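Peer 1: Before I ask anything, here is the structure I am working with.
Numbering (the numbering used here), first residue to last: 408 to 621.
So, in structure tokens, the structure goes:
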């Protein structure tokens with residue numbers, strides 16, 4: 408793997424504060440702190456000093472993050488929030504939908520990185536809805552192109568498996584794919600090492616087919 412993403416939720420459902428601190432101290436790979444844009448989480452980020460912080464929406468009733476951050480509706484709150492993290496040397500990314508307005512707003516807010524929400528694409532893929540798969544891939548492809556033209560670094564994640572990660576790796580602007588649940592699920596059957604190696608191979612295969620835009 409190239410890095411570790413850890414989501415410290417407000418309800419502490421996934422991990423606890425001390426886990427974040429230990430991860431920062433004990434792993435050599437870059438640590439990406441997935442977090443809600445709250446004052447509490449900002450204080451923790453400024454204390455832990457991860458390599459990066461990905462701002463995500465968070466609802467107490469959800470099992471996992473559902474949908475992208477409303478950067479347009481919360482721009483007044485997000486702009487100084489992002490600036491403070493950037494000034495502390497923490498690279499900020501915004502988890503957003505592959506939507507032109509959201510991408511352009513993320514750029515205007517000063518975030519150097521966006522992470523495109525791939526959940527809708529992956530859901531269509533798992534249901535075998537070929538028309539919707541094609542539509543959602545086109546949205547992600549176009550969103551990545553828009554972001555790249557603006558000078559944003561593009562990441563993507565949510566719901567990815569071997570097949571969807573391989574396909575999305577073909578998009579030339581996508582520099583990073585964040586995958587968690589699927590790898591751990593696969594690890595139950597084939598072990599963590601093999602799950603990671605298979606995912607790495609799938610991503611590398613997709614990237615070998617990526618072509619620069621003309």
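Think of the CB as a built atom: it goes at the ideal place given N, C-alpha and C, for glycine as much as any other residue.
Quantities reported herein were computed from a predicted structural model and do not represent experimental measurements.
Smallest Cα separation from residue 493: which of 445, 516, 530, 409?
Peer 2: With distances taken between Cα atoms, residue 493 lies closest to 516.
Peer 1: Give every residue of the same chain whose Cβ lies closer than 8 Å to the Cβ of residue 488, excluding the five residues on either side of it in the sequence, and list them in chain order.
Peer 2: Excluding positions up to five away in sequence, the list reads 444, 449, 462.
Peer 1: Please state if the CB of residue 457 and the CB of residue 440 are separated by a distance shorter than 8 Å.
Peer 2: Yes.
Peer 1: Could you spell out where the alpha helix (DSSP H) holding residue 494 opens and where it closes?
Peer 2: Residue 494 -> alpha helix (DSSP H) spans 482-494.
Peer 1: Using the beta-carbon count (16 or more within 10 Å), is residue 470 buried or exposed?
Peer 2: Bear in mind that a pLDDT of 48 at residue 470, under 50, signals an unreliable position, so the number given afterwards is only what the model happens to contain. So residue 470 ends up on the exposed side.
Peer 1: Quick check: the Cα distance between residue 474 and residue 621, rounded to an integer number of angstroms?
Peer 2: C-alpha separation (whole angstroms): 31 Å.
Peer 1: Leaving out the 5 sequence neighbours to the left and right, which residues in its chain are closer than 6 Å to residue 518 when beta-carbon positions are compared?
Peer 2: Within the same chain, residue 518 has close Cβ partners 489, 499, 501.
Peer 1: Counting beta carbon pairs with one atom in the segment 557-567 and one in the segment 592-604, are three or more of them shorter than 8 Å?
Peer 2: As far as the Cβ criterion goes, the segment 592-604 does not touch the segment 557-567, which means the pair count is below three.
Peer 1: Short of 8 Å in beta carbon distance, which residues of its chain neighbour residue 613, apart from the five on each side in sequence? Order them along the chain.
Peer 2: Hits under 8 Å: 572, 573, 574, 575, 576, 577.
Peer 1: Tell me where the alpha helix (DSSP H) around residue 539 begins and ends.
Peer 2: That run of the alpha helix (DSSP H) goes 537-556.
Peer 1: Please state the DSSP three-state secondary structure of residue 534.
Peer 2: If DSSP states are grouped into helix, strand and coil, residue 534 belongs with coil.
Peer 1: Is DSSP giving residue 455 helix, strand or coil here?
Peer 2: Of the three classes helix, strand and coil, the one that applies to residue 455 here is helix, per DSSP.
Peer 1: Output the boundary residues of the beta strand (DSSP E) element that contains residue 563.
Peer 2: Counting along the chain, the beta strand (DSSP E) containing residue 563 begins and ends at 560-564.
Peer 1: Going straight from the alpha carbon of residue 497 to that of residue 459, what length do you get?
Peer 2: Taking the straight line joining both Cα atoms gives about 5 Å.
Peer 1: If I measure Cβ to Cβ from residue 579 and keep anything under 6 Å in the same chain, skipping five residues before and after, which residues do I get?
Peer 2: If we look at residue 579 and ignore the five residues flanking it on each side, its Cβ neighbours are 617, 619.
Peer 1: Go ahead and label residue 524 buried or exposed: buried means 16 or more other beta carbons lie within 10 angstroms of its beta carbon, across all protein chains shown.
Peer 2: So residue 524 ends up on the buried side.
Peer 1: Assess, as a yes-or-no matter, whether the segment 501-515 is touched by the segment 476-484 under the definition of 3 or more beta carbon pairs within less than 8 Å.
Peer 2: As far as the Cβ criterion goes, the segment 476-484 touches the segment 501-515, which means the pair count is three or higher.
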